[in-house]
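**Student:** Counting along the sequence shown from 1, when you hit position 35 you're at 35 in full-length UniProt numbering, and nothing is skipped either side. Note that beta-carbon positions come from the ideal geometry of N, C-alpha and C, so glycine has one too. Since the model is a prediction, treat every value here as computed from it, not as a measurement.
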Amino acid sequence: MSGHLLIQSIAEDVDREKLQIVTFHPGQILSDTARAAGLDESSAPFDDENLPGHWAVWASTPQAAFLHGRFAWAAWDVDELSSGDVRKRIDEHDDFLTLKLIGL
1 MSGHLLIQSI
11 AEDVDREKLQ
21 IVTFHPGQIL
31 SDTARAAGLD
41 ESSAPFDDEN
51 LPGHWAVWAS
61 TPQAAFLHGR
71 FAWAAWDVDE
81 LSSGDVRKRI
91 DEHDDFLTLK
101 LIGL
C-alpha cells in the first residue's frame, strides 16, 4: 500500500502527457513459487500468466490515460473499465481507484 501511495503522489506531480503512471495488481498467477507451495490448476481460478504483461502494454497507451495515478487489477475487463460505469465514476470522482486517508 505504501508503494502505491508513493507512486500515486508522484503521478499527481507529473503530466500524464510526459509520463503515464498506473499501478496495478497483476492478477492471480499460478507461479513456480505457488506450485512449490503445493498449489495446482485446481486450487483456484488462476489468471493466464500473460495477463499482466498484456495489461501493462494496454495501460501504457493513450486509451488508458484516464487511469493516470490510479490503481487497477489486470484481471478487470478493459472495455468495461474504459467505457462502462467504472469509467463514469473515474471521470466524476477524482479519488476513485486511489488510496486516501480520510477522517483524521
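Give me, in chain order, the residues of the same chain whose beta-carbon lies closer than 7 Å to that of S2; leave out the 5 immediate sequence neighbours on both sides.
**Tutor:** Within the sequence shown, residue 2 is the residue found at index 2, counting from 1. None.
**Student:** Look at the Cβ atom of A44, then the Cβ atom of Q28, and state whether they are nearer than 9 Å.
**Tutor:** Within the sequence shown, residue 44 is the residue found at index 44, counting from 1. Within the sequence shown, residue 28 is the residue found at index 28, counting from 1. Cβ distance < 9 Å, so A44 and Q28 count as in contact.
**Student:** Hey, out of A74, D13, A65, whose CA is closest to I90's CA?
**Tutor:** Position 90 of the sequence shown, counted from the first residue, corresponds to residue 90. Of the listed residues, the one whose Cα sits closest to I90 is A65.
**Student:** By a C-beta neighbour count over all protein chains shown, 10 Å radius and 16 as the cutoff for buried, is T23 buried or exposed?
**Tutor:** Looking up residue 23 in the sequence shown gives position 23. Looking at its Cβ environment, which holds 16 or more other Cβ atoms inside 10 Å, T23 is buried.
**Student:** Contact check, G72 vs L39 under 8 Å by CB: the rounded distance?
**Tutor:** Taking the first residue of the sequence shown as 1, we reach residue 72 at position 72. Taking the first residue of the sequence shown as 1, we reach residue 39 at position 39. In the sequence as displayed, the identity of residue 72 is Ala instead of Gly. Between L39 and A72 the Cβ distance is about 25 Å, and since that is not below 8 Å, they are no contact.
**Student:** Measure the alpha-carbon distance for E49 versus H25 and round it to whole angstroms.
**Tutor:** Position 49 of the sequence shown, counted from the first residue, corresponds to residue 49. Position 25 of the sequence shown, counted from the first residue, corresponds to residue 25. Roughly 13 Å separates the two Cα atoms.
**Student:** According to the neighbour-count rule (16 or more other Cβ atoms, all chains shown, within 10 Å of its Cβ), is A36 buried or exposed?
**Tutor:** If you number the sequence shown from 1, residue 36 lands on position 36. A36 is exposed by the Cβ-count criterion.
**Student:** May I ask you to report which of helix, strand or coil DSSP gives A74?
**Tutor:** As a first step, residue 74 must be located in the sequence shown, where it is residue number 74. Looking at A74 - three-state DSSP - the assignment turns out to be coil, as it is neither helix nor strand.
**Student:** I believe L81 touches H4 by the beta-carbon criterion, under 8 Å. Please report the beta-carbon distance rounded to the nearest angstrom.
**Tutor:** Taking the first residue of the sequence shown as position 1, residue 81 is located at position 81. Taking the first residue of the sequence shown as position 1, residue 4 is located at position 4. In fact, because the Cβ distance is near 17 Å, the residues do not count as touching under 8 Å.
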